[in-house]
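K.L.:
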Amino acid sequence: MITVDIEGITKYYGEQKALDNVSLSINKGEVIGLLGPNGAGKSTLMKIITSFVPPSSGSVIIDGYDVQENPFEIRKRIGYLPEHNPLYHDMYVKEYLSFVLKTYPGHSKVKLKVDEIIELTGLGLERKKKIGELSKGYRQRVGLAQALIHDPEILILDEPTSGLDPNQLVEIRKIITDLGKEKTVILSTHIMQEVEALCNRVIIIDNGKIVADDTPNNLSRKDNKTSVYKVEFKESVNKQLLEKIPGISKVKNLGQNQWHLSSVGEKDLRESIFKFAVKNKFNVLSLSMDESKMEDVFQRLTK
Ligand code: ADP
Ligand code: MG
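Heads up: the sequence shown begins at 0 in numbering that gives the first Met the number 0, then just goes up one per residue.
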């Protein structure tokens, strides 16, 4: 059940190519993480899907409607949280959400009304405050609320957790997880852990191109031949010497006497590293193996 069909999208800003022949089908109910470094083209792709920016070529079809030909049909189906969520700081939360709802044609038929949305996004205690008086986390909730106000089937959230403190982050992620049970969600982020926590499909985009499209699990597994060890010695150690440890393929200094040692292959090299230290009379202050492999995949694909 495809809801969003992106076909050969290219986007130029003047001379600059921001998206390069991107094709992608999104199924109903998927929670997709669009992952990529700054400038990769994530926001541009989202703006094109939501009909706010036209592509230079290619098409986006949502529920059978072409985004460029039927922008109103598209906006009825999509809730969009832009990257720099533009809110009216002088409006009260409830007033603002009612205002947004009224901009949708046929809003009286919309199931979820303002009070329900306020409840859903945890804005109950803040509903009589001015938006300008809210903390960043609550402003982000208002942003989510305005994206949800017309009960869209598809949610497009551009970096929904950026700039939030750890508590706010957990709360917003929980709301997104709940929403993902009912809606198709496309969110962008440059945080690997976020994709692992929230999404069932990850699309890595770099330089305007899709470089990976898989489940978070599969992506991690594909790269499970690479391990990264973090080791700290008491003494300063010569890089060339570390490169001679059997099985180590890459050595990177992290400052002072801390190192990242990478290996390719299934074998756990912690013992070899320790033996190397003993043999060369170095003291190991700490040694750990990095468990998160997503980060490696991301770095390898987008370097
Ligand atoms: P991301 O969201 O992944 O950081 P963007 O889609 O914002 O990436 O940007 C992709 C590229 O397009 C960047 O190089 C950016 O500088 C450029 N770009 C984005 N918006 C504009 C614009 N309105 N005018 C000119 N260049 C733009
Ligand atoms: Mg962006």
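From the three backbone atoms N, C-alpha and C, an ideal C-beta is built for every residue, glycine too. All figures in this text were calculated on a predicted structure; none of them were measured in a lab.
In the segment 29-59, which residue ranges form an unbroken alpha helix (DSSP H) of at least 4 residues, counting only runs that do not cross its ends?
P.N.:
Complete alpha helix (DSSP H) runs here, min 4: 41-48.
K.L.:
Hey, would you say the C-beta of Tyr-12 is under 6 Å away from at least one heavy atom of the ligand ADP?
P.N.:
True, at least one ligand heavy atom lies under 6 Å from that Cβ.
K.L.:
Counting by C-beta, which residues lie closer than 6 Å to a heavy atom of the ligand ADP, in chain order?
P.N.:
Ordered along the chain, the selected set is Tyr-12, Gln-15, Ala-17, Gly-35, Asn-37, Gly-38, Ala-39, Gly-40, Lys-41, Ser-42 and Thr-43.
K.L.:
Starting from Gln-139 and walking both ways along the alpha helix (DSSP H), at which residues does that stretch end?
P.N.:
Counting along the chain, the alpha helix (DSSP H) containing Gln-139 begins and ends at 135-147.
K.L.:
Does the beta-carbon of Gln-239 have 16 or more other beta-carbons within 10 angstroms, so that it is buried, or is it exposed?
P.N.:
Classification of Gln-239: exposed, given that the 10 Å Cβ count is below 16.
K.L.:
I need the DSSP call for Leu-122, collapsed to helix, strand or coil.
P.N.:
Correct three-state label for Leu-122: coil.
K.L.:
Is it buried or exposed for Asp-157, if we count other Cβ within 10 angstroms and need 16 for buried?
P.N.:
So Asp-157 counts as buried.
K.L.:
When you measure from the CB of Glu-82 to every non-hydrogen atom of the ligand COA, does any distance come out below 6 Å?
P.N.:
For the structure depicted, the ligand COA is absent and the ligand set comprises only the ligand ADP and the ligand MG.
K.L.:
Tell me, to the nearest whole angstrom, how far the beta carbon of Asp-89 is from that of Gly-142; I am working on the premise that it is less than 8 Å.
P.N.:
Not really, about 16 Å apart at Cβ, beyond 8 Å.
K.L.:
Helix or strand or just coil, what does DSSP make of Val-236?
P.N.:
If DSSP states are grouped into helix, strand and coil, Val-236 belongs with coil.
K.L.:
Going by other Cβ atoms of all chains shown within 10 Å of its Cβ, with 16 needed for buried, is Gly-38 buried or exposed?
P.N.:
Gly-38 should be labelled exposed.
K.L.:
Quick one, which of Asn-166, Ser-187, Pro-70 and Glu-125 has its alpha-carbon nearest His-83's?
P.N.:
That would be Ser-187, whose Cα lies nearest to the Cα of His-83.
K.L.:
Whose CA, out of Tyr-95, Ser-42 and Asp-62, lies closest to the CA of Pro-54?
P.N.:
The option with the nearest alpha carbon to Pro-54 is Ser-42.
K.L.:
Would Ile-31 pass as a contact of Ile-174 if the rule is Cβ separation under 7 Å?
P.N.:
No, the Cβ-Cβ distance between Ile-31 and Ile-174 is not below 7 Å.
K.L.:
Exposed or buried, Ser-262, counting other C-beta atoms within 10 Å across all chains shown (16 or more means buried)?
P.N.:
Classification for Ser-262: buried.
K.L.:
Spell out a yes or no on whether the segment 113-129 and the segment 145-157 are touching, meaning 3 or more CB-CB pairs, one atom from each, closer than 8 Å.
P.N.:
Touching, yes.
K.L.:
Under 7 Å Cβ to Cβ from Leu-168, same chain only, skipping five residues before and after it: list those, please.
P.N.:
If we look at Leu-168 and ignore the five residues flanking it on each side, its Cβ neighbours are Thr-160.
K.L.:
Using a 10 Å radius around the Cβ and a threshold of 16 neighbouring Cβ atoms, would you call Tyr-12 buried or exposed?
P.N.:
By the 10 Å Cβ count, Tyr-12 comes out exposed.
K.L.:
Along the chain, where does the beta strand (DSSP E) containing Gln-257 start, and where does it finish?
P.N.:
Element bounds for Gln-257: 257-263.
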